[in-house]
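Enquirer: Let me begin by handing over the structure; questions about it come next.
There are 2 protein chains.
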Amino acid sequence: MARKKIKLALIANVTARNNTFNKRKKGIMKKMSELSTLCGVKACGIIYGTNGAQPEVWPSLLGAREVLNFFKSLPQMAKSKKMENHAEYLSQRIGKVRDQLRRLQKENRKKEMTMLMYECLKGKDLYDLTMLDITDLTNVIDENMKAINYRIEVLEQTPTQIGTSTTMAGAMSIENNKAVQVDMNGLQAQAWFVQGMNPNERMSCFDNKFVLPYLDNGAFTAPFFP
Amino acid sequence: MARKKIKLALIANVTARNNTFNKRKKGIMKKMSELSTLCGVKACGIIYGTNGAQPEVWPSLLGAREVLNFFKSLPQMAKSKKMENHAEYLSQRIGKVRDQLRRLQKENRKKEMTMLMYECLKGKDLYDLTMLDITDLTNVIDENMKAINYRIEVLEQTPTQIGTSTTMAGAMSIENNKAVQVDMNGLQAQAWFVQGMNPNERMSCFDNKFVLPYLDNGAFTAPFFP
DNA sequence: CCAGCTATTTATAATAT
DNA sequence: TATATTATAAATAGCTG
């Protein structure tokens with residue numbers, strides 16, 4: 015996390031991997047301790063070493079055993095009452111995250127279309143665009159045209175003031191496309207829950223369509239050429 | 015860790031505590047996941063909720079059970095082979111940290127004496143100082159005198175250059191006294207290990223004398239008035 | 001209560017010692 | 001190899017809506 019951002023993959027260099035392991039293990043155990051103190055909750059962390067060394071345990075072997083006993087007391091299968099509760103909790107959570115994902119996908123779609131609009135202004139042709147792209151692009155252009163026309167009206171009423179600070183450029187600037195990244199992080203902590211599901215169940219949590227029109231009013235907006 | 019540094023104690027405000035709990039839990043589980051990926055090790059984290067809610071588990075119930083089974087297989091008492099290994103590992107670690115603590119205590123002692131020297135220059139009397147204080151103070155003053163004399167020699171060889179950037183003030187500036195804080199943090203992760211010890215064992219890990227002369231050459235250096 | 005936003009604090013990757 | 005330092009990336013406390 016410093017000097018350079020590293021990829022989330024096994025660190026090839028063994029020395030560097032051990033260094034990172036020791037540093038991060040320490041950091042995690044410290045954070046465990048802090049969470050336990052700050053929030054007054056029980057917690058335990060167990061991290062195995064690389065070379066068959068004893069695992070690092072926080073807060074204690076006894077504490078870990080206590081947690082272990084709790085899990086032992088649970089039935090083995092996913093039909094357990096606790097498990098169902100957990101499943102219900104996760105279903106709700108997945109629902110919320112899915113909604114958030116949809117929102118962010120729409121935002122991204124709008125930004126993509128805005129960027130596409132600028133490319134068109136610079137001369138890009140439209141032959142490789144799908145009908146959906148063109149429809150959404152039209153909507154973006156319409157919105158911007160409205161904003162521009164409104165701006166023109168305002169300026170015509172105050173003809174001496176040219177070049178104020180509230181130009182369209184500010185409102186139309188392109189930001190980074192981050193929806194997928196954010197949402198995957200949000201889901202990551204719960205990813206284990208779906209590992210055992212069959213593919214159909216797993217996919218049913220999310221939309222199969224990765225491209226949604228960014229407008230809220232239904233699946234298909236008016237075609238480009240009416 | 016932001017906007018303000020908070021004390022490491024139970025957060026009184028319940029709302030704030032829950033917010034912190036949720037944020038930090040997410041952060042810890044993310045770090046667990048990263049460590050596992052980056053270093054290719056098994057790890058598991060279990061964090062109980064506040065209101066009897068199901069604990070958050072990473073990476074999975076199955077993974078946690080695996081870890082649990084490992085611990086179940088260990089004998090119950092501290093006489094276990096594994097436990098002895100762990101104890102040995104921790105003994106080594108305590109030894110290292112103790113050495114580090116000594117080093118830092120010496121550093122602090124020197125800084126305290128330097129500060130004391132400045133106070134004396136501003137007129138503080140010496141009646142409430144112990145003989146040990148005075149001895150160490152003398153050593154610090156001697157060192158500084160040597161440095162000053164050396165500096166004078168250098169300056170006498172280049173008499174036209176007055177007021178270079180390498181003044182004594184830079185070398186003698188007082189920094190924060192941080193040894194104890196640093197070392198306590200280092201020990202914190204292992205603190206559970208000594209919790210079960212009786213007081214004698216516990217204290218034997220460290221020196222009973224909290225004030226050490228900062229020089230390496232033995233317990234008592236030459237007295238102030240020979 | 002939950003999501004998003006900064007100002008800060010922490011954690012840590014790379015480097016130096 | 002281990003420890004210390006530094007520059008940078010992440011985490012997060014207190015707010016805001």
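Residue numbers (the numbering used here), protein chains in the order written: chain W, 15 to 240; chain Y, 15 to 240.
Positions of the beta carbon are idealized from the N, C-alpha and C atoms, including for glycine.
It should be emphasised that the depicted structure is a prediction, and the values quoted were computed from it without experimental measurement.
#1: Using the C-alpha atoms, what's the distance from Y/K21 back to Y/R31?
#2: What residues of chain Y sit near W/V55, judged by a beta carbon separation below 8 Å?
#3: At the 8 Å Cβ level, is W/R17 part of the contact set with chain Y, yes or no?
#4: Run through DSSP, which three-state label would Y/K14 get?
#5: Considering only their Cβ atoms, is the gap separating W/L146 from W/L130 smaller than 8 Å?
#6: In the DSSP assignment, find the beta strand (DSSP E) that holds W/A57 and state where it starts and stops.
#7: Interface residues of chain Y around W/A23 at Cβ under 9 Å?
#8: Pick helix, strand or coil for Y/M151, following the three-state DSSP scheme.
#9: I need the boundaries of the alpha helix (DSSP H) containing Y/G41, first residue and last residue.
#10: Identify each residue in the segment 37 to 49 of chain Y for which the Cβ-Cβ distance to at least one residue of chain W is less than 8 Å, and report them in chain order.
#11: Measuring only between beta-carbons, confirm whether W/R31 sits less than 8 Å from chain Y.
#12: Nearest CA to the CA of Y/V55: which residue from W/A26, W/G54, W/I61?
#13: Any C-beta of chain W sitting closer than 8 Å to the C-beta of Y/C134?
#14: Closest to W/M46 by CA distance: which of Y/G41, Y/S50, Y/E48 is it?
#15: Quick one: what does DSSP say Y/K160 is sitting in, helix, strand or coil?
#16: Report the rounded CA-to-CA distance for W/E170 versus W/Y164, giving the unit in angstroms.
#17: Please report how far the alpha carbon of W/G59 lies from the alpha carbon of W/R17, in whole angstroms.
#18: Which class does Y/K120 belong to by DSSP, given the choice of helix, strand or coil?
Expert: Reading from the atomic positions:
#1: The residue labelled residue 31 of chain Y in the question sits at position 17 within the second sequence. The residue labelled residue 21 of chain Y in the question sits at position 7 within the second sequence. If I take the Cα positions, the gap works out to 13 Å.
#2: The count along the first sequence starts at 1 and reaches residue 55 of chain W at position 41. Within 8 Å Cβ-Cβ: F35, I61, Y62, G63, T64.
#3: Sequence index remark: in the first sequence, residue 17 of chain W carries index 3 (1-based). No, because no Cβ of chain Y sits closer than 8 Å to the Cβ of W/R17.
#4: Shown here, chain Y extends from 15 to 240; a query on residue 14 of chain Y therefore has no answer.
#5: As a working mapping, residue 130 of chain W is identified with position 116 in the first sequence. As a working mapping, residue 146 of chain W is identified with position 132 in the first sequence. Not in contact: W/L130 and W/L146 (Cβ atoms no closer than 8 Å).
#6: By 1-based counting over the first sequence, the position of residue 57 of chain W is 43. 57 to 61 is the extent of the beta strand (DSSP E) around W/A57.
#7: Residue mapping note: residue 23 of chain W aligns to position 9 of the first sequence, counting from 1. What W/A23 touches in chain Y: T51, L52.
#8: The residue you call residue 151 of chain Y lines up with position 137 of the second sequence. Looking at the sequence shown, residue 151 of chain Y is not Met but Leu. DSSP places Y/L151 in helix when its eight states are reduced to three.
#9: As a working mapping, residue 41 of chain Y is identified with position 27 in the second sequence. Start and end: 28 to 53.
#10: R38, K39, K40, G41, I42, M43, K44, K45, M46, S47, E48, L49
#11: Position 17 of the first sequence, counted from the first residue, corresponds to residue 31 of chain W. Chain Y, which has a Cβ nearer than 8 Å to the Cβ of W/R31, makes this yes.
#12: Residue mapping note: residue 55 of chain Y aligns to position 41 of the second sequence, counting from 1. When only C-alpha atoms are compared, the closest one is W/I61.
#13: By 1-based counting over the second sequence, the position of residue 134 of chain Y is 120. No, because no Cβ of chain W sits closer than 8 Å to the Cβ of Y/C134.
#14: Start at 1 with the first residue of the first sequence, and residue 46 of chain W comes out as number 32. Per the Cα distances, Y/G41.
#15: Locating residue 160 of chain Y in the second sequence gives position 146, counting from the first residue. The answer is helix: DSSP assigns Y/K160 an H, G or I state.
#16: Position 156 of the first sequence, counted from the first residue, corresponds to residue 170 of chain W. Position 150 of the first sequence, counted from the first residue, corresponds to residue 164 of chain W. So the alpha carbons of these two residues sit roughly 10 Å apart.
#17: One-based indexing of the first sequence puts residue 59 of chain W at position 45. One-based indexing of the first sequence puts residue 17 of chain W at position 3. C-alpha separation (whole angstroms): 28 Å.
#18: Taking the second sequence and counting its residues from 1, one reaches residue 120 of chain Y at position 106. Correct three-state label for Y/K120: helix.
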